[in-house]
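Residue numbers for the sequence shown follow numbering that gives the first Met the number 0, beginning at 0 and rising by one. Just so it is clear, CB atoms sit at the ideal spot from N, CA and C, and this is done for glycine as well. Below is one structure; the comments refer to it alone.
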Amino acid sequence: MAKKKFYAVAKGRKPGIYTAWFGENGAQVQIDGFPGAVYKGFPTREAAKAFMDAPPAPKYRPKDAARSGTASSGKKTPKPGIDSDSDAIIIYTDGGALNNPGPGGYGAVILENGRRRELSGGFRLTTNNRMELTACIEGLKALGKPSRVKLFSDSRYVVDGLTKGWAQRWRKNDWMRTPKDRAENADLWARLLALYETHDVEMHWVKGHAGVSENERCDQLVRMESAKRGLPPDQPYEQGRKG
């Protein structure tokens, strides 16, 4: 079988013929998380060009849901000043802590206008949920202006907390989850809600460890950060434990 050296992206963030699949200038960045993407690999540029000249109509396949992370989503009405017709910025996030609680890290991949950025960091003692929240915070905080965003997370805690209105209700009730119990991680939920309401964010849940490339990359970043020595303290969490 001939090796595929050319990747034709007929429908994606930046259609064209690419000579690499992975990397900042590869084809994967153009189609990952892009609804209805049309692309194919070829052994020759001529074959790729023929595909570009007459691409097939996109077909829905069950695995497309896993690739795009559309198993669960929360949509909001676009805010004034945000162009709802422009291509959304794609953000993948992940977070975790060894032994939970323990050393932890977060990772985010931002796909914007054909460019790819990675963000990561860690703390010496934290939790899975705090790192999941922090990954989303850091991803949204990195955007220079109010934007239309599709944010992919494998944390039901984060996705449901926003799309089902749990976090908004906790904030309204002075961060009380029930009349007797305080909501956990209120410091991070407050920061995330402020960003969530600044941007036009569409939340998507994606299954972890299911082969979704950017989600897997975020997981790698989490593991790398969690394993570092000399990590800084997650001060609100450590102070809460002492109290």
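Item to check | Pairwise C-alpha distance: P235 and L161 | outcome: Looking up residue 161 in the sequence shown gives position 162. Looking up residue 235 in the sequence shown gives position 236. Near 22 Å, if we compare the C-alpha coordinates of P235 and L161.
Item to check | Residue nearest to A189 in terms of C-alpha spacing, selected from D173, Y156, E117 | outcome: Reading the sequence shown from its first residue, position 190 is the one you call residue 189. Cα-wise, what sits closest to A189 is D173.
Checklist entry - How do the segment 120 to 140 and the segment 216 to 229 stand: do at least 3 beta-carbon pairs fall below 8 Å, yes or no? => result yes
Next on the checklist: Taking the alpha carbon of A96 as the reference point, which residue from V221, G210, L230, G239 has its own alpha carbon closest?
Outcome noted: On the sequence shown, position 97 is the one that residue 96 refers to. Ranked by Cα distance from A96, the first of V221, G210, L230, G239 is V221.
Item to check | L230 (DSSP reduced to helix, strand or coil) | outcome: For the purposes of this step, residue 230 is taken as residue 231 along the sequence shown, with counting starting at 1. Reduced to three states, the DSSP call for L230 is coil.
Checklist entry - For the alpha helix (DSSP H) that L130 lies in, which residues bound it at each end? => result As a first step, residue 130 must be located in the sequence shown, where it is residue number 131. Checking the sequence shown, residue 130 turns out to be Met, not Leu. Start and end: 127 to 140.
Item to check | Option in K13, D153, P145 with minimal Cα separation from A193 | outcome: Sequence index remark: in the sequence shown, residue 193 carries index 194 (1-based). Cα-wise, what sits closest to A193 is P145.
Checklist entry - For P42, does the three-state DSSP call read helix, strand or coil? => result Taking the first residue of the sequence shown as 1, we reach residue 42 at position 43. Correct three-state label for P42: coil.
Next on the checklist: Does R147 pass the burial test, meaning 16 or more other C-beta atoms within 10 Å, or should it be called exposed?
Outcome noted: For the purposes of this step, residue 147 is taken as the residue at position 148 of the sequence shown. Buried is the call here.
Next on the checklist: Helix, strand or coil for Y59? Go by DSSP, reduced to three states.
Outcome noted: In the sequence shown, the residue the question calls residue 59 occupies position 60. For Y59, the pLDDT reaches just 37, beneath the cut-off of 50, and the residue's location in the model is therefore unreliable, leaving the point undetermined.
Item to check | Between the CA atoms of K241 and N112 - distance to the nearest angstrom | outcome: The sequence position of residue 112 within the sequence shown is 113, counting from 1. The sequence position of residue 241 within the sequence shown is 242, counting from 1. About 45 Å.
Checklist entry - Applying the criterion that 16 or more other CB atoms from any shown protein chain within 10 Å of the CB defines a buried residue, is E45 buried or exposed? => result Your numbering for residue 45 matches position 46 in the sequence shown. Burial call: exposed.
Next on the checklist: Helix, strand or coil for R66? Go by DSSP, reduced to three states.
Outcome noted: Here residue 66 refers to the residue found at position 67 when the sequence shown is read from its first residue. Residue confidence for R66 is low, a pLDDT of 35 falling below 50, so the modelled location carries little weight; the figure read from the coordinates is stated next. In this structure, DSSP gives R66 a helical state, which the three-state scheme calls helix.
Checklist entry - Should F33 and Q27 be called a contact, given that it needs their Cβ atoms to be closer than 8 Å? => result On the sequence shown, residue 33 is found 34 positions in, with the first residue counted as 1. On the sequence shown, residue 27 is found 28 positions in, with the first residue counted as 1. Cβ distance not < 8 Å, so F33 and Q27 don't count as in contact.
Checklist entry - By the 10 Å Cβ neighbour count, where 16 or more other Cβ atoms means buried, how is H198 classified, buried or exposed? => result Here residue 198 is taken as the residue at index 199 of the sequence shown, counted from 1. Only buried fits H198, as 16 or more other CB atoms lie within 10 angstroms of its CB.
Item to check | Candidates Q29, E183, A9, N24, of which the one nearest K48 by Cα | outcome: Locating residue 48 in the sequence shown gives position 49, counting from the first residue. Among Q29, E183, A9, N24, the Cα nearest to that of K48 is on A9.
Checklist entry - So which of T126, G143, E117, T43 has the shortest CA-CA distance to P102? => result Counted from its first residue, the sequence shown places residue 102 at position 103. Nearest option by C-alpha distance: T126.
Checklist entry - When the Cα of A185 is compared with those of G239, G121, D31, which residue comes out closest? => result As a first step, residue 185 must be located in the sequence shown, where it is residue number 186. Considering only alpha carbons, the answer is G239.
Next on the checklist: Tell me which residues share the same chain as I88 and place their Cβ nearer than 6 Å to its Cβ, disregarding the 5 neighbours each side in the sequence.
Outcome noted: Here residue 88 refers to the residue found at position 89 when the sequence shown is read from its first residue. Hits under 6 Å: E111, S146, V148.
Checklist entry - For S225 versus G104, is the C-beta spacing smaller than 8 Å? => result If you number the sequence shown from 1, residue 225 lands on position 226. If you number the sequence shown from 1, residue 104 lands on position 105. Yes, these two residues count as a Cβ contact at 8 Å.
Checklist entry - Is it true that the CB of A107 sits closer than 8 Å to the CB of L124? => result Within the sequence shown, residue 124 is the residue found at index 125, counting from 1. Within the sequence shown, residue 107 is the residue found at index 108, counting from 1. Not closer than 8 Å, so no.
Checklist entry - Under the rule that 16 or more other beta-carbon atoms within 10 Å means buried, what is G94, buried or exposed? => result Walking along the sequence shown from the start, residue 94 turns up at place 95. Flag for G94 reads buried.
Next on the checklist: Going by the DSSP bridge assignment, what does T92 pair with across the sheet?
Outcome noted: Locating residue 92 in the sequence shown gives position 93, counting from the first residue. Answer by DSSP bridge pairing, in chain order: A107, S152.
Checklist entry - I109 to E237, Cα distance in whole Å? => result Within the sequence shown, the letter at position 110 stands for residue 109. Within the sequence shown, the letter at position 238 stands for residue 237. Each residue's Cα considered, the two are about 29 Å apart.
Checklist entry - At what residue ranges does the segment 171 to 227 contain a whole run of the alpha helix (DSSP H), taking only runs of 4 or more? => result 185 to 197, 212 to 225
Next on the checklist: What does the alpha-carbon distance come out to for the pair F50 and R12?
Outcome noted: The count along the sequence shown starts at 1 and reaches residue 50 at position 51. The count along the sequence shown starts at 1 and reaches residue 12 at position 13. Whole-angstrom Cα-Cα distance: 17 Å.
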